[in-house]
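Heads up: the sequence lines are chains U and S, in that order.
At position 58 of the first sequence (counting the first as 1) the number is 58 in my numbering, and the numbers step up by one without a gap.
My numbering runs 1000 ahead of the 1-based position in the second sequence.
Glycine included, every Cβ here is placed at the ideal spot set by N, Cα and C.
Predicted, not measured: the structure shown is a model, and the values here were computed from it.
As structure tokens, the structure follows; a few thoughts come after it.
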Amino acid sequence: DAKTTQPNSMESNEEEPVHLPCNHSTISGTDYIHWYRQLPSQGPEYVIHGLTSNVNNRMASLAIAEDRKSSTLILHRATLRDAAVYYCILRRNSGNTPLVFGKGTRLSVIA
Amino acid sequence: DGGITQSPKYLFRKEGQNVTLSCEQNLNHDAMYWYRQDPGQGLRLIYYSQIVNDFQKGDIAEGYSVSREKKESFPLTVTSAQKNPTAFYLCASRKGGGGVDTQYFGPGTRLTVL
């Protein structure tokens, strides 16, 4: 799987939007961009995924660059419960290959 | 409720003892995975299984063993050969192939070897 690069940590004030960046310059045409997050002492949970177009769901939005070499996870209004490690992962569109996790971005939310 | 169950949540063992971590899913998923997480680090793949009676080594399989006799179950044994077994262990499952499929995780088992 192609590699992703994320900042080690970010900080946000509560109730403000948060933009979490991810670079994936070696992405292939069949790679989906997935985001997971891991709350303290819990297993990761799925947040959102996309291929080429921007995506929205109840948890977040995903903005994908036109060349697909980068993406941004957007939390529209950060809450204290959003404090977690966020992982950006590329997934090839075939097979059951496991997710490959990097170190992710640790998001701190300040009240 | 459908989901993945891992038990126990906390496990303590003496050095030199084998220990088996349980992972059960009722999601009817074909693929199951075991990851290990050390403090401040990302997840590292230990073993995975795409179908019953078949499994593959991940990046850090040494000192671990698995079995997949039933679709619902994928137990992980941490053997005495694992040099540093204290870690947070996460089990996951996934229904099928393709880039759109999501992977579901259990709550994890925190193993401490004394």
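Own chain residues within Cβ distance below 7 Å of N57/U, not counting five before or after: I48
Would you check if the segment 24-34 of chain U and the segment 1018-1029 of chain S touch, i.e. whether three or more CB-CB distances between them fall below 8 Å? no
Does P7/U come within less than 8 Å of chain S when only Cβ atoms are used? no
State the start and end residues of the unbroken beta strand (DSSP E) segment that holds I1060/S. From DSSP, I1060/S is part of no beta strand (DSSP E); its letter is neither H nor E.
If contacts are defined as beta-carbon pairs under 8 Å, then L75/U and A111/U qualify, I think. What distance do you get, rounded to the angstrom? Actually they do not touch by this definition, with Cβ atoms about 15 Å apart.
Since A1087/S and L1114/S should fall inside the 8 Å C-beta cutoff, what is the C-beta to C-beta distance between them, to a whole number of angstroms? Between L1114/S and A1087/S the Cβ distance is about 14 Å, and since that is not below 8 Å, they are no contact.
Hey, P1008/S and T1109/S are a contact pair by Cβ (cut 8 Å); roughly how many whole angstroms apart? 6 Å
Let me know the secondary structure DSSP gives R81/U once reduced to three states. Note: R81/U maps to helix in three-state DSSP.
Neighbour-count burial assignment, A1081/S, 16 or more Cβ in a 10 Å radius: Burial call: exposed.
I'd like to know whether the C-beta atoms of Y1010/S and A1031/S end up nearer to each other than 8 Å. no
Any chain U beta carbon closer than 8 Å to Q1025/S: no
List, in order along the chain, the chain S residues whose C-beta lies closer than 9 Å to that of G104/U? G1042
Uninterrupted alpha helix (DSSP H) stretches inside the segment 1044-1114 of chain S (no shorter than 4 residues): Runs found: none.
Is there a C-beta anywhere in chain S that falls below 8 Å from the one on L99/U? yes
Could you please give the first and the last residue of the uninterrupted beta strand (DSSP E) stretch that includes P21/U? V18 to N23
With H, G and I counted as helix, E and B as strand and the rest as coil, what does DSSP make of F968/S? In this structure chain S extends from 1001 to 1114, so residue 968/S is not present and cannot be described.
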